[in-house]
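Visitor: Residue numbers (this note's numbering), protein chains in the order written: chain A, 1 to 114; chain B, 1001 to 1114.
My structure is below; once you've seen it, I'll send some questions.
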């Protein structure tokens, strides 16, 4: 079975400083991995996805993530945090069957200080 | 991107009544839809997989008689919370999948049972 672990429940950064949200996955196969963002009481927005193409994936709003098979990691980064980045971030792995079931990590709340 | 519309966005109901939540794919046909539940400050937990024209597949621990799922067409899935109780209060989110592509999420429904 596939699983994903988000190592930090909360991350706090100052505006303009780099963001690092950590994610490790467990999979028997080459996984599809995603990062989603959720603002309060809103649905989910896809930031980026990895589907066995380039290991460095660029997403929206300046976010990017690097797939590292040797470390089973898919950490999300952004060079400079903006106040509007404050939200909940979910690392997600897709099961490798036809159901396209998504398995969510526990989430990381990003706080951005002025 | 593809749009998934979820209705209502919020609902308050009395204990013992039933509530229906709709999930529509507006500009594409979705053979598979998923229903998730999210408790405050927690991650999304998959409740069930809904396939058009067949019975839903429920995750372990989810009461199928309480959470009725109907997927009558390629663009509509409904979740009915029957005989709702305060502990059913939660944020319910649906997603729809374009085969071979990504999952698109509805904006969620905040259910409050009083």
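C-beta: ideal position from N, C-alpha, C; glycine also.
All of these numbers come straight from a predicted model, not from anything done at the bench.
Figure out for me which residue from A:47, A:28, A:16 has the closest Cα to the Cα of residue 75 of chain A.
Guide: When only C-alpha atoms are compared, the closest one is A:47.
Visitor: Would a check of beta-carbon distances place residue 74 of chain A closer than 9 Å to chain B?
Guide: It does not; no Cβ of chain B falls within 9 Å.
Visitor: Kindly list, in the order they appear in chain A, the residues whose Cβ is closer than 8 Å to that of residue 1082 of chain B.
Guide: Residues of chain A passing the Cβ test: none, with the nearest at roughly 24 Å.
Visitor: When you compare the CB positions of residue 1109 of chain B and residue 1025 of chain B, do they come within less than 9 Å of one another, or not?
Guide: Contact: no.
Visitor: Mind listing the chain B neighbours of residue 49 of chain A? Cutoff is C-beta to C-beta under 8 Å, in chain order.
Guide: Those are 1102, listed as they occur along chain B.
Visitor: Could you check whether the Cβ of residue 107 of chain A sits closer than 9 Å to any Cβ belonging to chain B?
Guide: For residue 107 of chain A, the answer is yes, since a Cβ of chain B falls inside 9 Å of its Cβ.
Visitor: Going along chain B in order, which residues have a C-beta closer than 7 Å to the C-beta of residue 100 of chain A?
Guide: Within chain B, the residues near residue 100 of chain A are 1032, 1097, 1103.
Visitor: Taking 9 Å as the cut-off, decide whether the C-beta atoms of residue 2 of chain A and residue 40 of chain A are in contact.
Guide: Not in contact: residue 2 of chain A and residue 40 of chain A (Cβ atoms no closer than 9 Å).
Visitor: Can you list the residues of chain A that residue 1024 of chain B reaches, using a CB-CB cut of under 7 Å?
Guide: Under the 7 Å cutoff, chain A gives no residues; its nearest Cβ is about 13 Å from residue 1024 of chain B.
Visitor: Below 7 Å CB to CB, which residues in the same chain sit around residue 1029 of chain B once its five sequence neighbours on both sides are set aside?
Guide: The answer, listed in chain order, is 1074, 1075.
Visitor: Identify every residue that forms a DSSP beta bridge with residue 1069 of chain B.
Guide: In DSSP, residue 1069 of chain B forms a bridge with B:1079.
Visitor: Span of the beta strand (DSSP E) holding residue 1026 of chain B?
Guide: Note, residue 1026 of chain B: premise wrong, no beta strand (DSSP E); not H, not E.
Visitor: For chain A, check one thing: does any of its Cβ atoms lie closer than 9 Å to the Cβ of residue 1043 of chain B?
Guide: Residue 1043 of chain B counts as touching chain A.
Visitor: Mind checking whether residue 26 of chain A and residue 57 of chain A have CB atoms under 9 Å apart?
Guide: No, the Cβ-Cβ distance between residue 26 of chain A and residue 57 of chain A is not below 9 Å.
Visitor: In its own chain, which residues sit with a C-beta less than 8 Å from the C-beta of residue 1031 of chain B, not counting the 5 before and 5 after it?
Guide: Closer than 8 Å at Cβ, skipping near neighbours: 1051, 1052, 1074, 1097, 1099.
Visitor: Can you tell me the Cβ-Cβ gap for residue 112 of chain A and residue 82 of chain A, rounded? I've got them flagged as a contact below 8 Å.
Guide: Between residue 82 of chain A and residue 112 of chain A the Cβ distance is about 7 Å, and since that is below 8 Å, they are a contact.
Visitor: May I ask you to verify whether the region 1013-1021 of chain B touches the region 1055-1062 of chain B, counting CB pairs closer than 8 Å and requiring at least 3?
Guide: No, the region 1013-1021 of chain B does not touch the region 1055-1062 of chain B.
Visitor: Does the separation of the CB atoms of residue 1081 of chain B and residue 1111 of chain B fall below 9 Å?
Guide: Cβ atoms of residue 1081 of chain B and residue 1111 of chain B: closer than 9 Å.
Visitor: Who are the neighbours of residue 1012 of chain B on chain A, taking C-beta pairs under 8 Å?
Guide: Here the premise fails: no neighbours, minimum Cβ distance about 15 Å.
Visitor: Span of the beta strand (DSSP E) holding residue 113 of chain A?
Guide: Note, residue 113 of chain A: beta strand (DSSP E), 108-113.
Visitor: Would a C-beta distance cut-off of 9 Å place residue 1038 of chain B and residue 1107 of chain B closer than the cut-off?
Guide: No. Outside cutoff.
Visitor: Show which residues of chain A have a CB atom less than 9 Å away from the CB atom of residue 1111 of chain B.
Guide: Result: empty, since nearest Cβ-Cβ is about 12 Å, beyond 9 Å.
Visitor: Beta-carbon within less than 6 Å of residue 67 of chain A's beta-carbon, same chain only, minus the 5 sequence neighbours each way: which residues are those?
Guide: Closer than 6 Å at Cβ, skipping near neighbours: 50, 55, 74.
Visitor: Do residue 1077 of chain B and residue 1033 of chain B have their CB atoms nearer than 9 Å?
Guide: A contact, by the Cβ cut-off of 9 Å.
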